[in-house]
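Enquirer: Take 1 as the starting number for the sequence shown in UniProt numbering and just add one per residue. Don't be surprised by glycine CBs; every beta carbon is placed ideally from N, CA and C. Owing to the predicted nature of the structure, the values given are computational and were not obtained by experimental measurement. Input: one structure, supplied below.
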Amino acid sequence: MTQPEFLDGPGGRRLAYHRSPGRGPWVVFLGGLKSDMEGTKALHLEAWSKDQGRAFLRFDYSGHGQSSERFEDGCIGDWAADTRAVVEALTDGPILPVGSSMGGWQALLLARAVPDRLAGLVTIAAAPDFTEDSYWAGFSEAQRTQIMQEGRVELPSDYMEPYVITRQMIEDGRKNLVLRDPLDLPCPVRCLQGTADTAVSTDTALRLLDHATCPNMQLTLVKDADHRFSDGPCLGLIETAVTEVLALAEET
Numbered sequence: 001m002t003q004p005e006f007l008d009g010p011g012g013r014r015l016a017y018h019r020s021p022g023r024g025p026w027v028v029f030l031g032g033l034k035s036d037m038e039g040t041k042a043l044h045l046e047a048w049s050k051d052q053g054r055a056f057l058r059f060d061y062s063g064h065g066q067s068s069e070r071f072e073d074g075c076i077g078d079w080a081a082d083t084r085a086v087v088e089a090l091t092d093g094p095i096l097p098v099g100s101s102m103g104g105w106q107a108l109l110l111a112r113a114v115p116d117r118l119a120g121l122v123t124i125a126a127a128p129d130f131t132e133d134s135y136w137a138g139f140s141e142a143q144r145t146q147i148m149q150e151g152r153v154e155l156p157s158d159y160m161e162p163y164v165i166t167r168q169m170i171e172d173g174r175k176n177l178v179l180r181d182p183l184d185l186p187c188p189v190r191c192l193q194g195t196a197d198t199a200v201s202t203d204t205a206l207r208l209l210d211h212a213t214c215p216n217m218q219l220t221l222v223k224d225a226d227h228r229f230s231d232g233p234c235l236g237l238i239e240t241a242v243t244e245v246l247a248l249a250e251e252t
């Protein structure tokens, strides 16, 4: 594993990244909650981009991977600020964010923040507004009381150790919701979603498709694919989606 470089980010947070120059638009991988930039999808897309001569960027949000801070001290708004800081400091010209799970939410926040820089957008099991629609909505009364009084609650995960969900994450998430207000995506968008995903439902994918205003947006449902979306056929679908969006961007 090669050593990352670091960017001094917002609030003194030290953000780890790997940057591969090439021709634009920049493909920027945005990972999921508690994931890092060494995951299968990030590394596969980096290798693909290098093979294609494409500019590529992967990084760790604060509290994730090799970046500074503790996970439980972070929230959606912090990671959105990290994303924007990395993109603004390390890329130029058009970008194509590829957001996985929570990274899909981050990609939508980035699209809202810098719409003029978007060449396109690809999401993989995107989880917009999950702090409200999955966590808070799914809490029992006892869990809601615990998080309000004690500031945290632990939730089991199918993929790793339990998630520590904080009151700060819930309250900050409400400031960053994207499915309540108009969501304009002025570029080609491709969304990928597995039907066997136990973390993000197909209903969420359909809700995003229905909610967004977009001139060219497609959703691909993949039978029996799970939340990881990282086996050979799924990685091939990610390549296809990125290739298609890049081709559309280059036509304009």
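Answer yes or no: do Ala225 and Val189 have a C-beta to C-beta separation smaller than 9 Å?
Expert: no
Enquirer: Taking Cβ positions, are Phe59 and Ser49 nearer each other than 9 Å?
Expert: no
Enquirer: Do you know offhand how far Gly53's Cα is from Arg19's?
Expert: 13 Å
Enquirer: Compute the minimum distance between the beta carbon of Val86 and the heavy atoms of the ligand FMN, and state whether it is under 8 Å.
Expert: Looking at this structure, you won't find the ligand FMN or any other ligand, since it has none at all.
Enquirer: Could you name the residues that DSSP lists as bridge partners for Val122?
Expert: Val98, Arg190
Enquirer: Just how far apart, CA to CA, sit Gln193 and Glu150?
Expert: 35 Å
Enquirer: So what's Thr240 in DSSP terms, helix, strand or just coil?
Expert: helix
Enquirer: Across which residues does DSSP place Ala16 in a beta bridge pair?
Expert: Phe6
Enquirer: Rounded to whole angstroms, what's the CA-CA distance from Pro25 to Val245? Just pull it up for me.
Expert: 10 Å
Enquirer: Tell me which residues share the same chain as Leu219 and place their Cβ nearer than 6 Å to its Cβ, disregarding the 5 neighbours each side in the sequence.
Expert: Cys191, Ala205, Leu209
Enquirer: With burial defined as no fewer than 16 other Cβ atoms inside 10 Å of the residue's Cβ, what is the status of Lys41: buried or exposed?
Expert: buried
Enquirer: Among Ala199, Arg180, Thr166, Leu248, which one has its Cα closest to the Cα of Asp73?
Expert: Closest in alpha carbon position to Asp73, among Ala199, Arg180, Thr166, Leu248, is Thr166.
Enquirer: Kindly list the residues whose CB is nearer than 6 Å to the CB of Asn216, restricted to its own chain and excluding five residues on each side of it in sequence; keep chain order.
Expert: Within the same chain, and ignoring the five residues on either side of Asn216 in sequence, the residues whose Cβ sits closer than 6 Å to its Cβ are Pro188.
Enquirer: Spatial neighbours of residue 253 within its chain, please: CB distance less than 7 Å, with the 5 preceding and 5 following residues excluded, ordered by chain position.
Expert: Outside the shown range of the chain (1 to 252) lies residue 253, about which nothing can therefore be said.
Enquirer: Let me check understanding here. Comparing Cα to Cα, which of Thr243, Asp231, Thr240 lies closest to Gly39?
Expert: Asp231
Enquirer: Check for me: the alpha helix (DSSP H) holding Leu90 runs from which residue to which?
Expert: Its alpha helix (DSSP H) spans residues 76-90.
Enquirer: Taking 7 Å as the limit between beta carbons, can you name the residues of its chain near Cys214, skipping five residues before and five after?
Expert: Leu185, Val189
Enquirer: What's the C-alpha gap between His64 and Asp82?
Expert: So the alpha carbons of these two residues sit roughly 11 Å apart.
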